[in-house]
Every structure is written in structure tokens, then in C-alpha cells.
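Here is the structure we will look at.
Chains as they are written, first to last, in full-length UniProt numbering: chain Y, 1 to 345; chain S, 1 to 112.
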């Protein structure tokens, strides 16, 4: 009898609270009926073997509960699965490609013996690549599982902000239509974003002016590495937003009003992140000018690197304006897109 | 199990699944509780396991095709199901469709 109670409990514990009481009663009744049929008399005297046979016939409690709830038990269902696999492949390739580029740059660092560097680096980077791929896998899976849970039937509906029935106007455009987003665009963008953020976070010292002169090698980093490291979460966050945007562009393959608005929102957010990072200028290498001048003194061949210095001063002094101009161009391009496609959207 | 049997049993399951609802509705012009319905269908050659039938009955009730009542007079409480007016209408329509389908199928697969 205890087995029956455990079985019924296992089933109803997986069901919505308001249905439990009735299904519990119903299941007890059913099991007793089944026992009675088998033993030919009162179910109370049934032995364990008969009870087990009845429960086996009813099947695993989780399956019975699933039949009762009628809910689909998918993490990612058939409607989203194709998109999921496609995005997974692209993100995986982007991560492997970006990490491999980082690996190669690391090996080519002057002053390191390529052979020994190769040995040490290969081990380290295989680990890093596996870790990065697993991260990518986890995040893509989480995003798609949430979409599934929220009942987003396909990513196109999500991006266009439309829910409900499929419409002929939802059809993807034929190639070379103005509405089409070439698949290569978002893929290249995802790869570059992963690559750039990986370098910016793991090896910002490579982003530097490299000076190689008569067997001597100098590099002067553009960033204040310590301060840049503190902004890592912000950089990852921006990269994630950009990748999310590119995934939507990739999956929908077509411009829509929702997608344009979403693009603009993400551009604004990334712009704000850039402003936060560059606002007080401390993220740039404050000693850049001094370090360059020191190298010029050490080389003592008349070079004063005046050109590099004037570019540096121009850029570092006005970095906020450069970022603003870049943002305005981006925004203008998106608005122009919207204007050009206004008869479709 | 050979490959043919395996595929065949999957196809048969699909084929039977479509007939379950009409089978169940056909027996509910008189009130029945779940297990009596299993026995009743069994005696007429339709096998349905209770783990499928009980959830199905609840679903049909939720759709408004069946109405139910607990009978607490007997030794143990049982939930009796009966066709609702809407269920009667839907069942009639399904029967019509079924007959048309049988006629069409006859034309397709023929009787030599």
C-alpha cells in the first residue's frame, strides 16, 4: 500500500497544485480498480508483486504526469531547434577563430622563442578554447531555453515584435532584395566582436604602438591595462548585446521595424557603455607621451616620433568626440535604412 | 524485433492514436468511470492503457466535450464522465467524417 502512495505522490508532485487533489483521488481509485481486477477480490489484500505489476503497467510517474499536464517537455522545441543549432555553430566557430587568432598573436610576440612559446601556449589555449566554447554553448542554450519557455515560436516573431499567426509577409525576402540581411554580415560581426573583446580583456597590452629598431624592440600600450581590467564586465556586457543583436539579424535574415528599433536600442546602450569607459580618460595610457619620448632618447638617432605623438594627442584628447561621431554615423545609417525601407516596414 | 516490425508498430500506434477520441466519445452516452471504460473498450477490441485514458478524459472535459460527476455512494469514490451537449454534437460530426473517410479509404486501398 505504501508503494501506491509513493507512486501517486510522485505523479501529483509534478502537477499544478489545483489539480493535485482530484487526480490523487482518481489515481487511487484507478489503482484499486486494477488491483481488484487482478486479485478478483478486495484490493486491500493485494500483495506487493501484484501492486508492482499494476504500477509497471501505468508506467513511470513522470510520463504519466506529463500526459496529465499535457505540457511539452522541451528545453528547446522543434520550432526553435534549427535556429538554435545554426546559432550554436556560428558562435562556436567565431569563438574558436577568435581564440586562435589571439593564440597566434601571442606566439608571434617578439622576445619569445616560438618553439617554447608554442608548447606552453598550446596547452594553455586548448584549455582556454574549451572553456570559451563551453561558455558560448551555455549562454546560447540559456537564451534559447528562455525563448522556448516564453513561448516564442520563432526568432522572426521575436525580432519583429509580432506574436500570433504566421503571415505571408513574414516570408524571408528573396536574395538581393533591399530587405535582405546578407548572412555574412552578422557572422563577420560576431567573429570580430568576439575577437576584439577577447583581446581587449585578456591581452590589452598588445594593443600598443610597436617599435622595432636595430635589434631593439619597444611597445607602448594605448590603454592603462589596470583600469581597463576594471571595466571588463562592461566590455563583456556590450559584446554580449552586440552578439545578441547579430544573432537576431542572422536568424531573421530580413529587416523589420522591430529589428531596426532593437538595433538602435543596442547602439545607444553600447554608446553609453563606451562613454562610461572613456569619460574620464584614465583608461588610456597617461604615460604614453613620456614613454615615447624616452624611447626616442634611448634610440638617439634623431627620430622624435612627432607624427605618432600628434596623432595620439589628437585622439586621446578628443576620444569622447570620436566615439560620439562614430555613434552618430551608426545611428544615421540605421535611420537611413529605416527611411529607405519605409514602404516595407 | 525486425526493422519491418519496428516501423510497423510505430505506424500502427500513429494510426490508432487518431481513433482514440472517437472511440472514447462513442461509449459515453451513458456515464462511465475511467476503468469501466477501459474494460468496455477492451471487450470491443479497442485497447487503451489507463495511463493514456485518464489524462485524455480530463482533457476532453476541459474542452467541454464531457461533463463529470463524482459518485461517492460506492465503496470508493469514482469520477463518472458523460457526453456534454457539445460533446454529442462533436461526436456526431466526427462520426460523419469517419464514414466519409472510410469510404474514401475504401476507394484508395480497394477491396479486390
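The C-beta atom is built at its ideal place from N, Cα and C for all residues, glycine as well.
Check                                                                                                                                                                                      : Outcome
Where do the ends of the beta strand (DSSP E) carrying residue 221 of chain Y lie?                                                                                                         : 216-221
Check whether the Cβ atoms of residue 64 of chain S and residue 50 of chain S lie closer than 8 angstroms to each other.                                                                   : no
Please tell me whether residue 125 of chain Y and residue 181 of chain Y are closer than 8 angstroms, where the distance is taken between their beta carbons.                              : no
For residue 34 of chain Y and chain S, any beta-carbon pair shorter than 8 angstroms?                                                                                                      : yes
Figure out for me which residue from Y:46, Y:324, Y:74 and Y:303 has the closest Cα to the Cα of residue 273 of chain Y.                                                                   : Y:324
Distance, Cα to Cα, residue 141 of chain Y vs residue 231 of chain Y?                                                                                                                      : 26 angstroms
Closer than 8 angstroms by beta-carbon distance: list the chain Y residues that pair up with residue 55 of chain S, in chain order.                                                        : 64, 67, 68 and 70
Note down, in chain order, all residues in the stretch 14-32 of chain Y with a beta-carbon under 7 angstroms from any beta-carbon belonging to chain S.                                    : 25, 26, 29, 30 and 32
Can you tell me which residues form a DSSP beta bridge with residue 71 of chain S?                                                                                                         : S:78
First and last residue of the alpha helix (DSSP H) that includes residue 177 of chain Y?                                                                                                   : Counting along the chain, residue 177 of chain Y falls outside any alpha helix (DSSP H), and DSSP gives it neither H nor E.
For residue 46 of chain S, I'd like the list of residues in its chain whose CB is within less than 7 angstroms of its CB, leaving aside the five on either flank, ordered along the chain. : 23
Please report how far the alpha carbon of residue 10 of chain S lies from the alpha carbon of residue 66 of chain Y, in whole angstroms.                                                   : 20 angstroms
Nearest by alpha-carbon distance to residue 52 of chain S: which of S:105, S:97 and S:17 is it?                                                                                            : S:17
Would you verify that the beta carbon of residue 52 of chain S is, or is not, closer than 8 angstroms to some beta carbon of chain Y?                                                      : yes
So what's residue 213 of chain Y in DSSP terms, helix, strand or just coil?                                                                                                                : strand
Considering only DSSP beta bridges, list what residue 32 of chain S is partnered with.                                                                                                     : S:81
Whole beta strand (DSSP E) runs in the stretch 186-267 of chain Y with 3 or more residues, listed along the chain?                                                                         : 208-213 and 216-221
Tell me, please, whether the CB atom of residue 31 of chain S is closer than 8 angstroms to any CB atom in chain Y?                                                                        : no
Grouping DSSP H, G and I as helix and E and B as strand, with all else coil, what is residue 66 of chain S?                                                                                : strand
Using three-state DSSP, classify residue 284 of chain Y as helix, strand or coil.                                                                                                          : strand
When DSSP labels each residue in this structure, what does residue 8 of chain S get in the three-state scheme?                                                                             : helix
Measure from the alpha carbon of residue 59 of chain S to the alpha carbon of each residue in Y:69, Y:61, Y:55 and Y:21, then state which is nearest.                                      : Y:69
Measure the alpha-carbon distance for residue 76 of chain Y versus residue 198 of chain Y and round it to whole angstroms.                                                                 : 29 angstroms
Between residue 87 of chain S and chain Y, is any beta-carbon pair separated by less than 8 angstroms?                                                                                     : no
Expressed to the nearest angstrom, what Euclidean distance is found between the alpha-carbon atoms of residue 195 of chain Y and residue 54 of chain S?                                    : 56 angstroms
Which residue's Cα is closest to the Cα of residue 276 of chain Y: Y:1, Y:227, Y:203 and Y:222?                                                                                            : Y:227
Going by the CB atoms, is the gap between residue 191 of chain Y and residue 94 of chain Y shorter than 8 angstroms?                                                                       : yes
Counting contacts by CB-CB distance shorter than 8 angstroms, is residue 80 of chain S in contact with chain Y?                                                                            : no
Can you tell me which of the three DSSP states residue 342 of chain Y falls into?                                                                                                          : coil
Go ahead and pull the three-state DSSP assignment for residue 14 of chain Y.                                                                                                               : coil
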